[in-house]
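Note that the protein sequences, when read in sequence, are chains A and B. So the first sequence is numbered by numbering that gives the first Met the number 0: it starts at 0 and just counts up by one. So the second sequence is numbered by numbering that gives the first Met the number 0: it starts at 0 and just counts up by one. A virtual CB, placed ideally from N, CA and C, is assigned to each residue, including glycine. Structure, as structure tokens:
There are 2 protein chains.
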Amino acid sequence: MSNTMTAPAKVKRTPVALNGVNTPTLLATINAVGAQPELAKFQFRAKSRWVSGTHSQSTMYGFFGAGGEHEHILPYKADGDHPAVLCGGDAGPTPVEWVLHALASCLTAGIANIAAARGIKLNKVESVVHGDIDLRGILGLSKEVRNGYQKVAITFSIDGDATPEQLEQIVQQSKARSAVYDIITNGIPVEIAVQANGRA
Amino acid sequence: MSNTMTAPAKVKRTPVALNGVNTPTLLATINAVGAQPELAKFQFRAKSRWVSGTHSQSTMYGFFGAGGEHEHILPYKADGDHPAVLCGGDAGPTPVEWVLHALASCLTAGIANIAAARGIKLNKVESVVHGDIDLRGILGLSKEVRNGYQKVAITFSIDGDATPEQLEQIVQQSKARSAVYDIITNGIPVEIAVQANGRA
């Protein structure tokens, strides 16, 4: 592709709403957080309850951020279960499929925001995510096999009013600023506490 | 607590269905995979499509494992979006909240399976997950701040017909064999490919 054309990303422009993104508000928000870094501290939360067998349900409702408490429009609920072939009830996606959804939704949101900030109209963004796992890890059949995915691969199909290079760069920038990509590629510290109410 | 009582986990017993877990089938499955390790190779998948703004929707339906292709009972769909305070449409949980759900659902499924295998009846398993994140990372405002969570903390409240120590050990064993706990604490390799369909 020719690089002689002026890249839209480098044109000085007044930000306008694009791709369903309120670009002026988004950029104003980033500036506000830049001026007052304590606004950047967020805490997201989920509550989960066991239903039966390997089936549980989480609720994601309240969270802290931008200096105060917030609530989603609705208390969003989601199920998790093991599939029938793994002796589960298949009442919802498996926990490891939820990781794939988290990754795709994070990268896709970033693509839309970044494209809007660069003044590039998107027509389509689709992705397919594959996660390869050897269950000898979680089944306790091998000490050499890890519990989690060996590898995850995500392929984006993106269509927009820009050159293929510019569209590819948007995906790369989304990766560079993705919270979920960072979490699942670099790992994060997780603390587990237990309040046990037994019979003794 | 006294450790002089016989721990149910150590009693030789015929496995029976418990906690909604078909324990005999679960143990037979583990034995079958142990005898034929290629059955342990699974691939989970999600397809995602951008809707508008930061809103996307994933579908989790087909997967490979135990030597063949499988489908969930339904093509499970899930939304992801950024909340209003981050200029999103709040059409679903945020991608980082989905990570919390994945973790809670994985550990909870493991708790139910392990308790059943140990002959321990559970009455209640609930958890609360908190993830702390400094958005200066994803907003590109600081190179010192990571994109993902600084820390995740999950607290289980578990009630069952066993000693508190036995219940605590079940949670610890679930952690030791959790796919999602491994993924988000140790990290996994993620490949991103792009098929860009632009105007040039």
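Beta bridge counterpart(s) of residue i as assigned by DSSP
i	result
B:V15	Answer by DSSP bridge pairing: none, since B:V15 is not bridged.
B:I132	A:F41
A:G159	A:L121
B:T28	For B:T28, which the question treats as bridged, DSSP gives no partner whatsoever.
A:A195	B:I157
B:K150	B:D131
B:A144	A small fix is needed here, since residue 144 of chain B is Val in this sequence, not Ala. In DSSP, B:V144 forms no bridge with anything.
B:E190	A:A152
A:V179	Answer by DSSP bridge pairing: none, since A:V179 is not bridged.
A:V170	In the DSSP output, where bridge partners are listed per residue, A:V170 has none listed.
Residue i, buried or exposed, once every other Cβ within 10 Å from all chains shown has been counted against 16
i	result
B:Q56	buried
B:N146	buried
B:P92	buried
A:K174	buried
B:G136	buried
B:L73	exposed
A:K76	exposed
B:P82	buried
B:T24	exposed
A:G67	exposed
A:Q35	exposed
A:A161	buried
B:E143	exposed
A:N122	exposed
B:M4	The predicted model places B:M4 with a pLDDT of 45, which falls under 50 and marks its position as unreliable, so this point remains unresolved.
B:A31	exposed
A:E96	buried
Chain B contact residues for residue i, given Cβ-Cβ distances below 8 Å
i	result
A:V32	L134, R135, L138, L140
Chain A contact residues for residue i, given Cβ-Cβ distances below 9 Å
i	result
B:E190	K150, V151, A152, I153, T154
B:P74	By Cβ distance, chain A contributes nothing, its closest Cβ being about 10 Å from B:P74, past 9 Å.
B:G64	P82, V84, L85, I132, L134
B:G118	Near B:G118 there are no residues of chain A at all, since even the closest Cβ is about 14 Å away, more than 9 Å.
Distance cut-off 6 Å: residue i Cβ against heavy atoms of the ligand FAD
i	result
A:S156	Within the structure as shown, the ligand FAD is missing, as the structure has no ligands at all.
Partner residues on chain A for residue i, Cβ-Cβ distance less than 8 Å
i	result
B:Q42	H129, G130, D131, I132
B:E125	K46, S47, R48, W49
Cross-chain neighbours of residue i in chain B, by beta carbon under 7 Å
i	result
A:A161	G197, R198
A:V15	Result: empty, since nearest Cβ-Cβ is about 14 Å, beyond 7 Å.
A:R145	D181
A:R176	I137, G139, N146
Chain-ordered chain A contacts of residue i [CB-CB under 7 Å]
i	result
B:E96	F43, A45, M59
B:A101	P94, W97, V98, A101
Start-end ranges of the alpha helix (DSSP H) lying completely within the segment 44-128 of chain A, minimum 4 residues
94-116
Count Cβ pairs between the segment 114-128 of chain A and the segment 151-159 of chain A that sit closer than 8 Å; are there 3 or more?
yes
Report yes or no: do three or more beta-carbon pairs, one from the segment 165-184 of chain B and one from the segment 180-198 of chain A, lie closer than 8 Å?
yes
Does the segment 12-19 of chain A come into contact with the segment 102-109 of chain B, if we say contact requires no fewer than three beta-carbon pairs (one atom in each stretch) closer than 8 Å?
no
Decide if the segment 177-186 of chain B is in contact with the segment 58-74 of chain A; the criterion is three or more beta carbon pairs, one per stretch, under 8 Å apart.
no
For the segment 58-67 of chain B against the segment 28-46 of chain B, do three or more pairs of beta-carbon atoms, one drawn from each stretch, fall closer than 8 Å, so that the two count as touching?
yes
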